[in-house]
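Using my numbering, read the sequence shown as starting at 14 and increasing by one per residue. Below: the structure, in structure tokens.
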Amino acid sequence: MNKRLLSFLLSALCLSVCAEVNYQVIPLPQQISFDKKGGYMLLTEGMTVGYPAGNQQMKRNAEFAAEYLGLSVTEGKKGADVSLTLGLKSSNPDDYAISIGKKGITIQGASESGVFYGIQTLRKSIMNETGEIRLPYAWVCGSPRFEYRGTMLDCARHFFPVSFIKKFIDILALHGINRFHWHLTEDQGWRFEVKSMPELAEKASVRPCTIIGRNIGLSDPDNAIYDDTPETGYYTQEEMRDIVAYAAERYITIIPEIDLPGHMIAALSVYPELGCTGGPYKVWGRWGVADDVLCAGNPKTLEFLKTVYGELCDVFPSKLIHIGGDESPRVRWKACPKCQAKKQELNLSNEAQLQTYINKEMEAFLAERGRQLIGWDETLEGGLSENAAVMSWRGYEGGKAAAKQHHQVVMTPTDNCYIDYYQLKNHDRQPLAIGGYLPLSKVYAMEPVPSDLTKEEAKYIMGAQCNLWTEYVVSPDHAEYMLLPRLAAMSEVQWLQPEAKNYEQFLERLTKLEQSYRRLGYKYCTVHE
Ligand SMILES: [Zn+2]
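The structure is reproduced here in structure tokens:
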């Protein structure tokens, strides 16, 4: 056998058992520079991950790295094959830099969260490899474009168990997403335990029946067909504290939402005196927007809200607290003597300002606790309270208006971010969805900063978020299918500068990430439009 053939055969053999990593993951690192002289390090069993002694967050980071890479943890950095370290000079705490060279691997972060993102990049680089893993000598660094990288999950229309909430948080972490906006209450179910008002968890969390099929455009929903399977469930405060801690280890902040003054029928079903008509009310079994909302003129309404939000702040340390504020019709307020008296007393010119009055009360209440109010873009209608942040869902206009008034904004317009919409044109190939059409490519194409904002105004766009409403999303598997891979596209919107985005290349990298989804047992949509 001649030498050339022998070396060809040897390298072919090596290709079949040695995987050489290219670090091209999702979200794509900002820079990947291979060592000009070449060379690689072999990742082998018995290697260790070291971290700065005494730093508990870095210790947890080291445990994650060891788990993902199949290594073991050692305290201190001396002699470690993978060293986790702080001190990367950057004003962005989420920045990371990985160097792979003769001396091993160093993952450096501008803060502990940056180190975590570096670990995720390395993890995704090698996750699908088997046998001997070759890490080419290289310098890899990443820096997210936006500080706020969110995903919303509605656990009120359908209840999702704690085990799935943790899996959902793992999915966010895999994609470099750092905010979990948790939608906890609705007309159709109350999921947040309030210890001083136990009936909310016990009774308002129970929906006796649910409309079958889609109910948009039904002329007579009262005579529609309902199933007889109760939808129940709520999170105890202990469970939620545990989830908050689980998310925090993964550098994810949970922003809880108690939607007010609309979307409150579940609460009204146990406290009918808080509605303008006095009820009775039943936890809604159908979807859509209800006319019945909290009475703005009843002083008990604010008492109720402050009790709920007091306990909410005890459970969730997040600076931002979401008050909802969307889809709250004012028809009951127009006909309610209490609401009209309040309007006169405050010298207001319209009912929208009654909502602003409630928002201002809530903003002051939250500010006393060091928190900041965020609401859907309807909160702009009667004038924004002073430090309120806005989540723009009805297009980009609300977010633009808020940024021009120097309010912080999260962009989550239906057109690019509502992942409860169908992801394929052919509806027969997917489970029932609310309607709409939001293919992967359209999520990827999102640009959160409108081009007509000035540089100064653009600074108020904190970031972007996908929203998963769950009227028709009935199980964890179904939720995963709606999330993936659209979250992968969102993560590049959140991390990459516009000029670095490239949909064709994204799809190539997605092949590898989807292989990881399969390894991790995640359901996802395999067709991309
Ligand atoms: Zn009223």
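Where a beta carbon is used, it is the ideal one built from N, C-alpha and C, also for glycine. None of the values given here were measured: they were computed from a predicted structure.
Check your understanding: So, do the segment 141-157 and the segment 34-41 have three or more beta carbon pairs nearer to each other than 8 Å?
Key -> Short answer: they touch.
Check your understanding: Is any heavy atom in ligand 1 found nearer than 7 Å to the beta carbon of lysine 351?
Key -> Taking the sequence shown and counting its residues from 1, the one referred to as residue 351 is at position 338. Yes, Cβ of lysine 351 sits closer than 7 Å to a heavy atom of ligand 1.
Check your understanding: Is DSSP giving phenylalanine 173 helix, strand or coil here?
Key -> Within the sequence shown, the letter at position 160 stands for residue 173. Coil at phenylalanine 173, not helix or strand.
Exercise for review: Indicate the three-state DSSP secondary structure (helix, strand or coil) for alanine 151 in the structure shown.
Suggested key: Position 138 of the sequence shown, counting from 1, holds the residue named residue 151. Strand.
Exercise for review: Tell me the start and end of each unbroken alpha helix (DSSP H) in the segment 370-422 that is at least 4 residues and wholly inside, in chain order.
Suggested key: 410-417
Point to revise | Among Glu469, Asp428, Thr467, the one whose alpha carbon lies nearest that of glycine 449 | key: Reading the sequence shown from its first residue, position 436 is the one you call residue 449. Of the candidates Glu469, Asp428, Thr467, the one whose C-alpha sits nearest the C-alpha of glycine 449 is Asp428.
Practice item. Under 7 Å Cβ to Cβ from valine 462, same chain only, skipping five residues before and after it: list those, please. Key: The residue given as residue 462 occupies position 449 in the sequence shown. Taken in chain order, the residues that qualify are Ala471, Ile474.
Exercise for review: Please work out which residues of its chain come closer than 8 Å, Cβ to Cβ, to leucine 101, disregarding the five sequence neighbours upstream and downstream, and give them in chain order.
Suggested key: Looking up residue 101 in the sequence shown gives position 88. Same-chain partners within the cutoff: Asp108, Tyr109, Ala110, Gln121, Gly122, Ala123, Gly127.
Check your understanding: Given aspartate 550, which residues of its chain have a CB within under 6 Å of its CB, disregarding the five upstream and five downstream residues?
Key -> As shown, the chain starts at 14 and ends at 542. That puts residue 550 outside it, with no answer to give.
Point to revise | Whole-number beta carbon distance between glutamate 340 and valine 302, since they are thought to touch under 8 Å | key: Locating residue 302 in the sequence shown gives position 289, counting from the first residue. Locating residue 340 in the sequence shown gives position 327, counting from the first residue. Going by Cβ atoms, the distance from valine 302 to glutamate 340 rounds to 4 Å, so yes, they are a contact pair.
Review point. For leucine 273, which of Lys137, Tyr322, Ala380 has the nearest alpha-carbon?
Key: Taking the first residue of the sequence shown as position 1, residue 273 is located at position 260. Leucine 273 has its Cα closest to that of Tyr322, out of Lys137, Tyr322, Ala380.
Point to revise | One or two residues paired with leucine 335 in a DSSP bridge | key: Within the sequence shown, residue 335 is the residue found at index 322, counting from 1. First, the amino acid is wrong: residue 335 is histidine here, not leucine. Glu270, Ile387, per the DSSP bridge assignment.
Exercise for review: Please go through the same chain and pick out, in chain order, the residues whose beta-carbon is closer than 7 Å to the beta-carbon of tyrosine 161, but skip the five residues on each side of it.
Suggested key: In the sequence shown, the residue the question calls residue 161 occupies position 148. Around tyrosine 161: Arg192, Val423, Met475, Gly476.
Exercise for review: Compute the distance between the beta-carbons of isoleucine 334 and leucine 379, then report whether it is under 8 Å.
Suggested key: Counted from its first residue, the sequence shown places residue 334 at position 321. Counted from its first residue, the sequence shown places residue 379 at position 366. Taking C-beta atoms as the reference points, isoleucine 334 and leucine 379 count as a pair closer than 8 Å.
Practice item. Kindly identify the DSSP beta-bridge partner or partners of tryptophan 297. Key: Along the sequence shown, read from residue 1 onward, the residue named residue 297 stands at position 284. Answer by DSSP bridge pairing: none, since tryptophan 297 is not bridged.
Exercise for review: Would you check if there are 3 or more beta carbon pairs closer than 8 Å linking the segment 58-67 to the segment 77-89?
Suggested key: yes
Check your understanding: Residue range of the alpha helix (DSSP H) that glycine 127 falls in?
Key -> The sequence position of residue 127 within the sequence shown is 114, counting from 1. 125-139 is the extent of the alpha helix (DSSP H) around glycine 127.
Exercise for review: Using a threshold of 8 Å, state whether the C-beta atoms of glutamate 484 and arginine 204 are closer than that.
Suggested key: For the purposes of this step, residue 484 is taken as the residue at position 471 of the sequence shown. For the purposes of this step, residue 204 is taken as the residue at position 191 of the sequence shown. No, the pair does not count as a contact, with Cβ atoms beyond the cut-off.
Review point. Less than 8 Å separating the beta-carbons of leucine 397 and glutamine 418?
Key: The residue you call residue 397 lines up with position 384 of the sequence shown. The residue you call residue 418 lines up with position 405 of the sequence shown. A contact, by the Cβ cut-off of 8 Å.
Exercise for review: Kindly identify the DSSP beta-bridge partner or partners of threonine 87.
Suggested key: Stepping through the sequence shown from its first residue, residue 87 is reached at position 74. The partner list for threonine 87 (beta bridge, DSSP) reads Gly63.
**Study point:** Cut-off 6 Å between Cβ atoms - residues of its own chain near phenylalanine 159, not counting five sequence neighbours on either side
**Key:** In the sequence shown, the residue the question calls residue 159 occupies position 146. Closer than 6 Å at the Cβ level, and outside the excluded window around phenylalanine 159, lie Gly476, Gln507.
**Study point:** Beta-bridge partners of leucine 166, as assigned by DSSP
**Key:** Position 153 of the sequence shown holds residue 166. According to DSSP, which records beta bridges pairwise, leucine 166 is partnered with Trp195, Leu481.
Exercise for review: Check whether the Cβ atoms of alanine 416 and leucine 359 sit closer than 8 Å, and answer yes or no.
Suggested key: Within the sequence shown, residue 416 is the residue found at index 403, counting from 1. Within the sequence shown, residue 359 is the residue found at index 346, counting from 1. For alanine 416 and leucine 359, no; Cβs fall outside 8 Å.
Check your understanding: Is there at least one non-hydrogen atom of ligand 1 closer than 7 Å to the beta-carbon of tryptophan 346?
Key -> For this step, residue 346 is matched to residue 333 along the sequence shown. At least one heavy atom of ligand 1 is nearer than 7 Å to the Cβ of tryptophan 346, so yes.
Check your understanding: Whose C-beta lies closer than 6 Å to the C-beta of glycine 395 among residues of the same chain, with five residues either side of it excluded?
Key -> One-based indexing of the sequence shown puts residue 395 at position 382. Excluding positions up to five away in sequence, the list reads Ala365, Gln366, Gln368, Thr369.
Exercise for review: Return the CA-CA distance between leucine 361 and leucine 523, expressed in angstroms with no decimal places.
Suggested key: As a first step, residue 361 must be located in the sequence shown, where it is residue number 348. As a first step, residue 523 must be located in the sequence shown, where it is residue number 510. Cα-Cα distance, rounded: 53 Å.
Review point. Given serine 454, which residues of its chain have a CB within under 7 Å of its CB, disregarding the five upstream and five downstream residues?
Key: If you number the sequence shown from 1, residue 454 lands on position 441. Correct list, in chain order: Tyr516, Glu542.
Point to revise | Three-state secondary structure assigned by DSSP to isoleucine 39 | key: Within the sequence shown, numbered from 1, the residue matching residue 39 stands at position 26. Coil, per DSSP.
Exercise for review: State yes or no: is the C-beta of asparagine 236 within less than 8 Å of the C-beta of tryptophan 300?
Suggested key: As a working mapping, residue 236 is identified with position 223 in the sequence shown. As a working mapping, residue 300 is identified with position 287 in the sequence shown. Not a contact, by the Cβ cut-off of 8 Å.
Practice item. Kindly indicate the opening and closing residues of the beta strand (DSSP E) around glutamine 6. Key: This structure cannot speak to residue 6, because the chain is shown only from 14 to 542.
Check your understanding: Where do the N-terminal and C-terminal ends of the beta strand (DSSP E) with methionine 54 fall, by residue?
Key -> Start at 1 with the first residue of the sequence shown, and residue 54 comes out as number 41. Unbroken beta strand (DSSP E) run through methionine 54: 53-56.
Point to revise | Residues that DSSP places opposite valine 95 in a beta bridge | key: The sequence position of residue 95 within the sequence shown is 82, counting from 1. Paired residues: Val62, Ile118.
Check your understanding: What is the residue span of the beta strand (DSSP E) that glutamine 44 lies within?
Key -> Locating residue 44 in the sequence shown gives position 31, where the first residue counts as 1. Glutamine 44 -> beta strand (DSSP E) spans 44-47.
Practice item. Using the Cα positions of glycine 338 and tryptophan 406, report the straight-line distance between them to the nearest angstrom. Key: As a working mapping, residue 338 is identified with position 325 in the sequence shown. As a working mapping, residue 406 is identified with position 393 in the sequence shown. When rounded, the distance between both Cα atoms is 12 Å.
Point to revise | Cβ-heavy atom distance, alanine 237 to ligand 1, below 7 Å | key: As a working mapping, residue 237 is identified with position 224 in the sequence shown. No, Cβ of alanine 237 sits at least 7 Å from all heavy atoms of ligand 1.
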